[in-house]
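Asks: If you read the sequence shown in the working numbering, its first letter stands for residue 17, the second for the next number, and so on.
The structure's right below; bear with me while I get my questions together.
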Amino acid sequence: MIGLGDAQGGAAPPVAAEEVPLYEIRRKIYPRAVSGVFARWRVALVLFTQLVFYGVPWLTWNGRQAVLFDLAARKFHLFGLTLWPQDVIYLAVLLIVCALALFLFTAIAGRLWCGYACPQTVYTEMFLWVERKIEGDRLARIRLDAAPWSLEKFVIKALKHSAWFAIALWTGYTFVGYFTPIRDLGVRAITWNLGGWEAFWVAFYGFATYGNAGWMREQVCKYMCPYARFQSVMFDRDTVVIAYDPGRGEPRGPRSRAADPRERGLGDCVDCRICVQVCPTGIDIRQGLQNECIGCAACVDGCDQVMDRMGYPRGLIRYTSENQLARGFGRRMLWRRAVRPRSVAYALLLLVIVAGATVALALKSPLKVDVMRDRGALAREAAPEVIENVYRLQLMNTDETPRQVRIGASGLPGLSVVGVEQPVALEAGATRLVPLRLQAPQQSAAPGSHPIEIVVTDRADASIERREKSTFILPR
Ligand code: SF4
Ligand code: SF4
């Protein structure tokens, strides 16, 4: 390697070049088990989210799967609500609401989502639980990995991977069960009758779960997750994050429980490194807020246990904000500062969008009508002094029950519908094309194009009505 001095050919002494690898080899992390308030919250959220994820596809509503994203039929069923391709706006709104909620919670309380509800955290937690049950806690796992291969090690590892594999496969099956009826999928899976795409997605999603939660773990958060990259721009000095209190903890150092740290010139940190050992991303929170911190609060629980044993007050590592650490104000002020222009703006926007979407969904008509003019036959004389225009109506019944509708027209004197057998029957959740002929007297208006309305009304419930605008042409 050539140093800078050599390249310039001058008198500068050669600079020793250091080779820096482009890729840092992963150091396997063995997070230690921890118990405490936040660990209990995390377990509760793992149970809740997985109960929802694994349970919802098995629910039934009106004789069909309650939640089914039926891509083949291009219909999304959400309990009593059916969304069609025309309703894609609601899905867009749902994504906007999720993004805004994420911005709001991040601005107020940092990486709450990452620490408690993100699928990567939740599945890593589940896989770690299995690992601990089979291989033991941190030290046992380190020893097992360091030990040479033996029959016992092989059996333990095989058991763990079999359990991981079973969870991953069930997860893949559940995921596909949101897109194709899950019971039917189960029967076909047992009889080896899965379609090619179904088998692919079960295997793909299962493999992704196994790889991400079993092997990649914190690397997904560190290197792959885009949210981890841009969330820091949503933080400010009042965002509640997990932080170590250096004013209280430093200078750190070991001591006996009986020793008075003040007499020895020490802070409250006993430098036991429990906070590092329980961290799923292997960082030391005492070095300050870091990109790798997913906000899981395992270090808070771990340190609180140490504080309890030492007889010190809890909270050396705690939920706090940069401003609280710097100014030392109380908890009440910490949460009062959650109300600030940025969070209020997010909350108001969220409220308006959710309210608007709720009202729009409540008023959503189960009847949809599209009027298409027949361009091949603009206007013709059907009888002396009677002009006829031809249209095609696309009628859609988005409800789960069949209905009958009447078709009418208004906008010109004497305008009438002909050639349609009324009422028109519409199957549940179906679309029907109806050829429509409208007739009007030649003298009803001046020659030219006239705006009209085609009115489709439910026979049993007149409040369900759609009015679609079109034109009627009277030739010269
Ligand atoms: S767990 Fe608490 S006392 Fe132990 S090293 Fe971490 S901050 Fe210091
Ligand atoms: S530093 Fe603490 S909160 Fe952050 S990831 Fe590690 S254990 Fe979780």
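For each residue, glycine too, the CB sits at the ideal point set by N, CA and C.
Under a three-way DSSP split, which group does PRO135 fall into?
Replies: Of the three classes helix, strand and coil, the one that applies to PRO135 here is helix, per DSSP.
Asks: Figure out for me which residue from VAL292, ARG422, ASN413, ASP252 has the closest Cα to the Cα of LEU99.
Replies: Considering only alpha carbons, the answer is ASN413.
Asks: If you pair each beta-carbon of the segment 285-292 with each one of the segment 315-323, do three or more pairs fall below 8 angstroms?
Replies: Output reads yes: the segment 315-323 touches the segment 285-292.
Asks: Assuming the contact rule is C-beta atoms closer than 8 angstroms, ARG127 and GLY311 should be a hit. Round their C-beta distance to whole Å, please.
Replies: Confirmed, Cβ separation roughly 3 angstroms.
Asks: Would you mind listing the beta strand (DSSP E) stretches within the segment 388-417 that are 3+ residues and don't spill past its ends, in chain order?
Replies: Listed in chain order, the complete beta strand (DSSP E) runs (minimum 3 residues) inside the segment 388-417 are 396-399, 402-413.
Asks: Please indicate yes or no: does the CB of VAL322 lie closer than 7 angstroms to some heavy atom of ligand 2?
Replies: VAL322 Cβ: outside cutoff for every heavy atom of ligand 2.
Asks: Along the chain, which unbroken stretches of the alpha helix (DSSP H) at least 4 residues long are found entirely within the segment 239-302?
Replies: Runs found: 242-246, 262-265, 290-293.
Asks: Identify every run of the alpha helix (DSSP H) within the segment 101-163, keeping only runs that are complete inside it and at least 4 residues long; order them along the chain.
Replies: Listed in chain order, the complete alpha helix (DSSP H) runs (minimum 4 residues) inside the segment 101-163 are 104-125, 128-132, 135-151, 154-162.
Asks: Once the 5 residues before and after GLY26 are set aside, which same chain residues still bring their CB inside 6 angstroms of it?
Replies: Note on GLY26: pLDDT 44, under 50, position unreliable in the model; no value is reported.
Asks: What number of angstroms, rounded off, separates the C-alpha of TYR187 from the C-alpha of LEU341?
Replies: It is Thr, not Tyr, that sits at residue 187 in the sequence shown. Those two C-alpha atoms are separated by around 42 angstroms.
Asks: Under 8 angstroms, do VAL402 and GLN458 count as touching if we go by C-beta distance?
Replies: Yes. Within cutoff.
Asks: Please check the pair ILE183 and GLU151, which I expect to be a contact at CB under 8 angstroms, by giving their CB distance rounded to whole angstroms.
Replies: The pair is not a contact, with the Cβ atoms about 16 angstroms apart (cut-off 8 angstroms).
Asks: Check each candidate in GLY79, LEU383, PHE181 and name the one with the smallest Cα separation from ALA224.
Replies: Ranking the options by Cα distance to ALA224, first place goes to PHE181.
Asks: Under 8 angstroms, do TYR194 and PRO73 count as touching if we go by C-beta distance?
Replies: The answer is yes: Cβ separation under 8 angstroms.
Asks: Is DSSP giving GLN420 helix, strand or coil here?
Replies: In the structure shown, GLN420 sits in a strand (DSSP, three-state: E or B).
Asks: Which partner residues of ILE494 appear in the DSSP bridge assignment?
Replies: What is shown of the chain runs 17 to 492, which leaves residue 494 out entirely.
Asks: Starting from GLY427, follow the alpha helix (DSSP H) in both directions and report where the run begins and ends.
Replies: Per DSSP, GLY427 belongs to no alpha helix (DSSP H) and is neither H nor E.
Asks: SER381 and PRO429: beta carbons closer than 8 angstroms?
Replies: Their beta carbons are not under 8 angstroms apart, which means SER381 does not touch PRO429 by this criterion.
Asks: Just reading off the alpha helix (DSSP H) that ILE198 is part of, what are its end residues?
Replies: Taken as a continuous stretch (DSSP letters only), the alpha helix (DSSP H) holding ILE198 covers 198-206.
Asks: Label GLY265 either buried or exposed according to how many other C-beta atoms from any shown protein chain fall within 10 Å of its C-beta, with 16 as the threshold for buried.
Replies: With 16 or more other Cβ atoms within 10 Å, it is buried.
Asks: Are the beta-carbon atoms belonging to ALA314 and CYS295 less than 8 angstroms from one another?
Replies: In this structure, CYS295 lies closer than 8 angstroms to ALA314 by Cβ.
Asks: Just confirm the distance between the C-beta atoms of CYS114 and CYS237, as a whole number of angstroms; I'd bet it's less than 8 angstroms.
Replies: The pair is not a contact, with the Cβ atoms about 19 angstroms apart (cut-off 8 angstroms).
Asks: Are the CB atoms of VAL421 and VAL472 within a distance shorter than 8 angstroms?
Replies: Against a cut-off of 8 angstroms, the Cβ pair of VAL421 and VAL472 comes out as a contact.
Asks: In whole angstroms, what is the alpha-carbon distance linking CYS134 and LEU118?
Replies: The straight-line gap from Cα to Cα measures roughly 11 angstroms.
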